[in-house]
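Numbering (this note's numbering), first residue to last: 11 to 175.
Glycine included, every Cβ here is placed at the ideal spot set by N, Cα and C.
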Amino acid sequence: MRTLVLNAGYEPLAVVSFKRALVLVMNDKAVVVEHVDDDPVWGTRAAYDRPAVIVLTRYVRVPGARRVPVTRRGVLRRDAHRCAYCGKGASTIDHVLPRSRGGADSWENLVACCLRCNNVKGDRTPQEMGWELRWVPQPPRGAQWTVRGTERTDPVWEPYLALAA
């Protein structure tokens with residue numbers, strides 16, 4: 011069982027184990043907002059509600075922490091494993107503007123690409139090939155990108171994740 015952690019502004023920060031969440035609550039560092047009904051955690055002296063969503067009582071925001079780092083896995087996930095040129099299944103990534111011509115490793119310059127299109131395109135731009143991108147590459151948005159562990163969400167979390175979007 012996992013627990014969604016929110017800051018004082020009810021913005022999602024992380025997903026932690028229910029044990030970690032319970033420790034934060036017991037040490038007065040967090041407050042339970044939502045709990046799992048009919049599934050208490052039994053301690054030696056009492057039963058505690060199993061937390062589903064908690065809010066930290068003290069939190070210092072780290073500037074720039076919400077930027078999503080560019081990774082191969084992230085580009086493939088953003089593009090749903092579909093080639094940006096032909097639409098077939100993608101297993102590689104491609105620089106729209108090749109690195110040899112100054113293309114950066116950025117969300118705006120990387121797209122998912124199938125092996126065939128990647129080999130045919132080589133060191134050229136899509137315009138030189140007469141190809142068009144099926145979509146404009148952009149940085150990903152939403153809580154599922156900025157909060158680790160929200161790929162598999164709990165239905166109780168939905169209102170809080172919707173606030174972050």
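- In this structure, the alpha-carbon of A90 lies about 23 Å from that of V25.
- When C-beta atoms of the segment 120-129 are compared with those of the segment 88-104, three or more pairs fall below 8 Å, so the two segments count as touching.
- Taking the C-beta atoms as reference points, A100 is found no nearer than 8 Å to R87.
- If you draw a straight line from the Cα of E168 to the Cα of M11, it is about 16 Å long.
- Collapsing the DSSP output to three states places P108 in coil.
- When P50, G140, L143, R82 are compared, the shortest CA-CA separation from S116 is found for R82.
- In this structure V85 is buried. Its beta-carbon is surrounded by 16 or more other beta-carbon atoms within 10 angstroms.
- Remark: C-beta atoms of A62 and V46 approach each other more closely than 8 Å.
- Contact between W141 and Y95 holds: their C-beta atoms lie close to 5 Å from each other, under 8 Å.
- Inclusion of T67 and K39 in the CB contact set at 8 Å is warranted, their separation being smaller than that value.
- Membership of V35 in the alpha helix (DSSP H) is indicated by the continuous run 28-36.
- Taking the Cα positions, P149 is about 48 Å away from T54.
- Within a 10 Å sphere around the beta-carbon of P165 sit fewer than 16 other beta-carbons, which makes this residue exposed.
- Counting along the chain, the unbroken alpha helix (DSSP H) around P136 starts and ends at 136-139.
- Only residues of its own chain outside the window of five on either side were considered, and among them A40 have a CB closer than 6 Å to the CB of L34, listed in chain order.
- Per DSSP, reduced to three states, the secondary structure at C123 is strand.
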